[in-house]
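Student: Chains as they are written, first to last, in the numbering used here: chain A, 33 to 191; chain B, 33 to 191.
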DNA sequence: TGATAAAGGGTTATATTATAACATATCAAG
DNA sequence: CTTGATATGTTATAATATAACCCTTTATCA
Ligand SMILES: [Zn+2]
Ligand SMILES: [Zn+2]
Ligand SMILES: [Zn+2]
Ligand SMILES: [Zn+2]
C-alpha cells in the first residue's frame with residue numbers, strides 16, 4: 033500500500049487492507065487480534081485523523097458494544113504495542129498506522145483545520161536529531177515527531 | 033550562555049542567568065514578568081527536568097504561596113507564550129527554555145532513567161521533516177520533536 | 001487627577017484523560 | 001478436564017486541564 037497522504041482516495045480499501053494486514057501481522061507475531069481489538073482498529077481506520085480514547089469508546093458504544101474506559105485503553109495499547117496504531121502526544125489521541133508491518137519511525141503531519149493526520153516515515157538517527165543526540169552523548173530509544181500545520185486541502189479551501 | 037546539556041555545571045548560575053535573561057526578554061516584549069510568573073520560572077529553572085503543572089503548584093505552596101491549579105497553568109502558559117519555557121507533550125510537563133530570546137525550534141532529549149531534559153536547537157524545515165512536509169504539500173507551523181533515551185550519566189552509572 | 005479599560009490573579013467547580021484493582025470469562029496446553 | 005495465562009468486564013479513583021466568575025492591580029487617557 034502506498035502513501036495516501038492527504039489525497040482523496042477509495043477509502044473503503046484503506047479499511048479492508050488495514051484489517052487484512054493487521055491479521056497477518058498478529059498471526060506472524062503470535063498475538064491475538066480479538067474481535068474487540070479488531071473493532072477498535074476498524075474504528076481508527078475509518079478516519080485519517082486521530083481519535084481520543086473516549087471518542088473510540090463512544091464509537092464502540094454506538095456499535096452496540098457498551099464498554100468502560102479501560103476497555104478502550106487496553107485495546108489501543110495493544111494496537112500501539114504491535115505497531116498497528118500510534119499515539120499522537122500532542123493530541124492525546126490515536127491514529128491507525130499507515131506503515132504497519134514495516135519497521136519504521138513515524139513523523140506525523142497534523143492539519144490544524146481539518147484534523148487530518150498523514151504519517152511519513154523517516155530515519156531519526158540520520159538527521160539533525162541524531163546529530164544532536166550524538167553531540168550530547170545521548171542514546172535515542174524512541175522519537176516523537178509531530179508537525180502541526182495546514183494540509184493542502186484546507187489551504188485550497190481557505191487560502 | 034552555552035549548552036549545558038547533561039554535563040555537570042554550576043547550577044546556581046543557570047537560575048540567576050535564566051531569571052535575568054527572562055527579565056530582559058519580557059521588558060523588550062512589553063510583557064510583565066510578575067512575581068508569580070518569575071517564581072514559577074525559578075521553580076522550573078531549579079531543575080534540568082520537566083515538572084508537571086501540579087508539581088509546580090506543590091512547589092509554589094511550599095514556597096508560601098498557596099494556589100489553585102489555574103494559577104499554575106496561567107503562569108506556565110505565559111512562560112510558554114513568551115518562549116521562556118516549553119511544554120513536553122510526551123510528559124505532560126514543562127521545562128525552562130535553554131535558548132530563550134533566540135528564535136529557535138527545540139528538540140528535547142529526555143532521559144528515561146533520571147528524567148533530565150536537554151534542549152537542542154534544530155532547523156525543522158531543513159531536514160527530513162521538511163522534506164516529508166513538502167512531499168505532502170503540507171505547510172508546517174510548529175513541530176514537536178522529543179527523543180526518549182538514556183543520558184550519558186545514566187549509561188555510565190548502569191551500563 | 002480621576003475615570004475607565006485591560007490584564008492579572010484568587011477561587012470554585014467541573015471537564016477531560018488515564019489507570020488501579022479486582023472479578024469473570026476465554027483460551028491454550030498438558 | 002485441569003490449570004495457567006491472557007483477555008475482558010466493572011467500579012472507583014487518580015492525574016491533568018479548563019470554564020466561569022469575581023476582585024485587584026496596572027495602564028491609558030480625558
Ligand atoms: Zn483512507
Ligand atoms: Zn486540513
Ligand atoms: Zn543548570
Ligand atoms: Zn539520565
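Just so you know, even glycine gets a beta-carbon here, dropped at the ideal spot from N, CA and C.
With 16 as the cutoff for other CB atoms within 10 Å, does residue 93 of chain A come out buried or exposed?
Tutor: Position 61 of the first chain, counted from the first residue, corresponds to residue 93 of chain A. Result: exposed.
Student: Rounded to the nearest angstrom, what separates residue 65 of chain A and residue 50 of chain A at their Cα positions?
Tutor: By 1-based counting over the first chain, the position of residue 65 of chain A is 33. By 1-based counting over the first chain, the position of residue 50 of chain A is 18. Rounded to the nearest angstrom, the two C-alpha atoms are 13 Å apart.
Student: Compare the C-alpha of residue 70 of chain B against each of B:42, B:159, B:103, B:168 and name the closest.
Tutor: Numbered from 1 along the second chain, position 38 holds the residue referred to as residue 70 of chain B. Ranking B:42, B:159, B:103, B:168 by Cα distance to residue 70 of chain B puts B:103 first.
Student: Does the distance from the C-beta atom of residue 132 of chain A to that of residue 187 of chain A stay below 9 Å?
Tutor: On the first chain, residue 132 of chain A is found 100 positions in, with the first residue counted as 1. On the first chain, residue 187 of chain A is found 155 positions in, with the first residue counted as 1. It is not a contact, given that the beta carbons lie outside the stated cut-off.
Student: Could you give the DSSP three-state label for residue 118 of chain B: helix, strand or coil?
Tutor: Looking up residue 118 of chain B in the second chain gives position 86. It is a strand residue.
Student: Whose Cβ in chain A lies nearer than 8 Å to the Cβ of residue 67 of chain B?
Tutor: Your numbering for residue 67 of chain B matches position 35 in the second chain. In chain order: nothing, as chain A lies at least about 32 Å away.
Student: Between the beta-carbon of residue 175 of chain B and the beta-carbon of residue 156 of chain B, is there less than 9 Å?
Tutor: Residue mapping note: residue 175 of chain B aligns to position 143 of the second chain, counting from 1. Residue mapping note: residue 156 of chain B aligns to position 124 of the second chain, counting from 1. A contact, by the Cβ cut-off of 9 Å.
Student: Do you know whose CA, among A:134, A:143, A:123, A:117, lies nearest residue 73 of chain A's CA?
Tutor: Numbered from 1 along the first chain, position 41 holds the residue referred to as residue 73 of chain A. Of A:134, A:143, A:123, A:117, the residue nearest in Cα terms is A:117.
Student: Under a three-way DSSP split, which group does residue 138 of chain B fall into?
Tutor: If you number the second chain from 1, residue 138 of chain B lands on position 106. Residue state, collapsed to three classes: strand.
Student: How big is the Cα-Cα spacing for residue 147 of chain B and residue 68 of chain A?
Tutor: Sequence index remark: in the second chain, residue 147 of chain B carries index 115 (1-based). Sequence index remark: in the first chain, residue 68 of chain A carries index 36 (1-based). Those two C-alpha atoms are separated by around 36 Å.
Student: Relative to the C-alpha of residue 110 of chain B, which candidate in B:168, B:58, B:151 has its C-alpha closest?
Tutor: Residue numbering aside, residue 110 of chain B sits at position 78 when the second chain is read from its first letter. Checked all of B:168, B:58, B:151; the closest Cα to residue 110 of chain B is B:58.
Student: Taking a cut-off of 6 Å, which residues have a beta-carbon closer than that to any heavy atom of ligand 1, in chain order?
Tutor: Spelled out in chain order, the answer is A:36, A:41, A:43, A:46, A:80.
Student: Count the other CB atoms within 10 Å of the CB of residue 165 of chain A; is the residue buried (16 or more) or exposed (fewer)?
Tutor: By one-based count along the first chain, residue 165 of chain A stands at place 133. Result: buried.
Student: Mind checking which residues open and close the alpha helix (DSSP H) that includes residue 165 of chain B?
Tutor: Within the second chain, residue 165 of chain B is the residue found at index 133, counting from 1. Looking at the DSSP string, the run of the alpha helix (DSSP H) that includes residue 165 of chain B is 160 to 168.
Student: Select from B:178, B:39, B:122 the residue whose C-alpha is nearest the C-alpha of residue 160 of chain A.
Tutor: The residue given as residue 160 of chain A occupies position 128 in the first chain. Per the Cα distances, B:178.
Student: How would you label residue 230 of chain B, buried or exposed, when you count the other beta carbons within 10 angstroms and need 16 or more for buried?
Tutor: In the structure displayed, chain B extends from 33 to 191; residue 230 of chain B sits before or after that span and is not available.
Student: Could you spell out where the beta strand (DSSP E) holding residue 171 of chain A opens and where it closes?
Tutor: Counted from its first residue, the first chain places residue 171 of chain A at position 139. Unbroken beta strand (DSSP E) run through residue 171 of chain A: 171 to 182.
Student: CA-CA distance, residue 101 of chain B and residue 184 of chain B?
Tutor: Counting from one through the second chain, the residue named residue 101 of chain B turns up at place 69. Counting from one through the second chain, the residue named residue 184 of chain B turns up at place 152. Taking the straight line from one Cα to the other gives about 35 Å.
Student: Anything in chain B within Cβ reach of residue 184 of chain A, meaning under 9 Å, just list it in chain order.
Tutor: Along the first chain, read from residue 1 onward, the residue named residue 184 of chain A stands at position 152. Residues of chain B passing the Cβ test: 168, 169, 170, 171.
Student: According to DSSP, which residues form a beta bridge with residue 81 of chain A?
Tutor: Along the first chain, read from residue 1 onward, the residue named residue 81 of chain A stands at position 49. DSSP output for residue 81 of chain A lists A:148 as bridge partner(s).
Student: Please find out if some non-hydrogen atom of ligand 4 comes closer than 8 Å to the beta-carbon of residue 78 of chain A.
Tutor: What you label residue 78 of chain A is simply residue 46 of the first chain in a count that begins at 1. Every heavy atom of ligand 4 is 8 Å or more from the Cβ of residue 78 of chain A, so no.
Student: Tell me which residue opens and which closes the beta strand (DSSP E) that residue 110 of chain B is part of.
Tutor: Reading the second chain from its first residue, position 78 is the one you call residue 110 of chain B. Premise fails: residue 110 of chain B lies in the alpha helix (DSSP H), 101 to 113, not in any beta strand (DSSP E).
Student: Excluding the 5 residues preceding and the 5 following residue 84 of chain B in the sequence, name in chain order all residues of the same chain whose CB lies nearer than 7 Å to its CB.
Tutor: In the second chain, the residue the question calls residue 84 of chain B occupies position 52. Counting only Cβ-Cβ distances below 7 Å, and skipping sequence neighbours, we find 124, 125.
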